[in-house]
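See structure below.
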Amino acid sequence: MPATHDLIILGAGAAGLMCAATAGQRGRRVLLIDHADQPGKKILISGGGRCNFTNVGAAPDRFHSANPHFAKSALSRYTPADFIALVDRHGIAWHEKTLGQLFCDGSARQIVAMLMEECAKGAVRIALGQPIREVTHADGLFRVTHDGTVSTAPALVIATGGPSIPKMGATGFAYDLARQFGLKIVEPRPALVPLTLGGDEALFRDLSGVATEVMARAGKTAFREAALFTHKGLSGPAILQVSSYWRHGQPVGIDFLPSQTAGWTIAAKRQRPRTHFHTLLTEQLPARLAEVLAKRIGLWGELANLPNAKLEDAERRLADWQFHPNGTEGFAKAEVTAGGISTAELSSQTMAAKKVPGLYAIGEAVDVTGWLGGYNFQWAWASAVAAGLAV
Ligand code: FDA
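FYI, in the UniProt record's numbering the residues of the sequence shown are 1 to 391.
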């Protein structure tokens with residue numbers, strides 16, 4: 001049977017659309033299939049509807065993977081500047097919010113429209129609302145059964161992402177397919193996800209809605225951003241960031257006053273001996289949080305009446321408050337999935353599977369996960385272009 005296409009891409013998300021446009025514009029006959037009824041659903045809800053489409057600081061050390069070197073090649077060949085140039089060519093206005101994060105001034109819809117236009121330029125055929133029933137490989141051809149049709153091509157790209165936010169149609173299909181072709185999977189786990197607190201620490205849930213800038217640490221990795229108390233535990237950018245590095249059983253250390261240096265309470269005691277310890281905290285932290293922390297530290301009264309050793313001890317606790325999360329809010333609330341198709345199975349230049357000629361995997365399906373702040377889209381674009389240029 002002759003091939004109906006040069007390339008079939010499964011998943012019309014960020015990576016699939018970008019790969020289809022790249023390969024299509026190189027003259028490849030591309031079929032892009034998705035079970036969802038519209039393309040790029042996660043792009044549409046990303047960045048609060050404005051899509052944090054890249055980060056100007058997207059260096060390889062902002063990504064984690066069993067092989068931290070794997071992402072280097074693709075990221076260096078398709079950079080944030082390349083994506084910005086594309087966005088500019090489409091006249092999409094954007095701004096830098098904070099920490100190198102770039103957002104649309106208008107709507108994330110503009111990014112999806114841009115990718116669809118790029119696909120149209122490459123004459124990509126897009127089949128939406130079509131669940132994939134079966135994928136087989138024989139005689140150098142992949143056969144994909146979808147919507148009662150069998151499409152064939154010598155190359156197949158897995159771009160169906162990870163299982164985070166299943167209610168949006170996210171699935172672990174990429175892993176099933178990869179396993180079918182004998183590729184190894186690095187245990188997938190929720191990342192960029194809120195952490196839950198139980199037991200004695202459940203008391204902190206009373207602070208639900210309180211946010212403050214902290215330095216949050218899991219193991220050796222620390223992030224200085226806002227943390228938010230929720231009715232289940234801890235969230236906010238600092239916590240989402242450390243969640244990707246956190247492992248069950250590990251504590252999360254929080255420095256509630258990251259701008260303070262050792263000895264600050266004793267300096268305050270010298271300058272303002274009549275100030276109450278609790279007031280000192282209230283000056284620098286949200287009042288409800290200051291109250292809970294002062295209560296837990298157990299220091300009350302005027303600074304003049306508090307021994308230096310106790311103040312030093314309080315400083316140490318405030319600088320490294322140990323929380324013991326009992327879990328995460330899981331894939332239902334995870335912005336991304338860490339782990340996935342093992343990079344050991346893929347070429348870092350082309351994203352091609354080493355063992356299966358013609359098979360590629362890109363985007364979140366692969367064991368490369370970025371920090372919060374536009375890094376995950378940059379990986380989706382870069383890995384997609386690497387495959388789209390090679391196929
Ligand atoms: P993606 O999930 O985008 O696409 C996979 C596609 O495959 C989907 O269209 C899906 O329908 C399809 N699919 C899945 N299973 C299938 C099956 N069995 N059959 C057929 N089709 C199937 N990142 C960032 O850099 N900046 C940001 O602002 C945000 N914001 C953000 C907000 C929220 C709420 C979430 C959940 C995530 C983000 N992200 C983000 C992460 C970012 O959305 C994510 O990393 C990329 O979308 C990954 O792109 P992929 O194309 O790999 O997967």
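Ideal Cβ placement from N, Cα and C applies to all residues, glycine included.
- Runs of alpha helix (DSSP H) with 4 or more residues, each lying fully within the region 8–45, are found at 14–25, 41–45, listed in chain order.
- Under the three-state reduction of DSSP output, M116 falls in the helix class.
- Taking a cut-off of 8 Å for Cβ pairs, the region 135–143 and the region 69–82 do not touch, as fewer than three such pairs fall below it.
- According to the DSSP assignment, G388 belongs to the alpha helix (DSSP H) that extends over 375–390.
- For L99, the CB contacts under 7 Å within the same chain, skipping 5 residues up- and downstream, are G373 in chain order.
- Distances from the alpha-carbon of A361 to those of P2, T4, I8 put I8 closest.
- A66 places its beta carbon less than 8 Å from that of V186.
- Shown here for K121: same chain residues with a beta carbon closer than 8 Å to its own, the five before and five after excluded, namely A21, G24, Q25 in chain order.
- The region 266–277 makes contact with the region 296–312: 3 or more CB pairs, one atom from each, lie closer than 8 Å.
- The alpha carbon of E225 has as its nearest neighbour, out of G233, G129, V242, the alpha carbon of V242.
- Three or more Cβ pairs closer than 8 Å define a contact, and the region 380–387 falls short of that threshold against the region 108–116.
- For Y175, the three-state secondary structure derived from DSSP is helix.
- In summary, V150 is exposed, with fewer than 16 beta-carbon neighbours lying within 10 Å of its beta-carbon over all protein chains present.
- Of all C-beta pairs linking the region 146–162 to the region 352–359, three or more are shorter than 8 Å, placing the two stretches in contact.
- Less than 8 Å divides the Cβ of E364 from the Cβ of G161.
- Its chain contains V242, Y245, W246, Q250, V252 as the residues whose beta carbon lies nearer than 7 Å to that of A218, once the 5 sequence neighbours on both sides are disregarded; these appear in chain order.
- In terms of CA proximity to Y78, S348 leads the group A353, S348, K355, V366.
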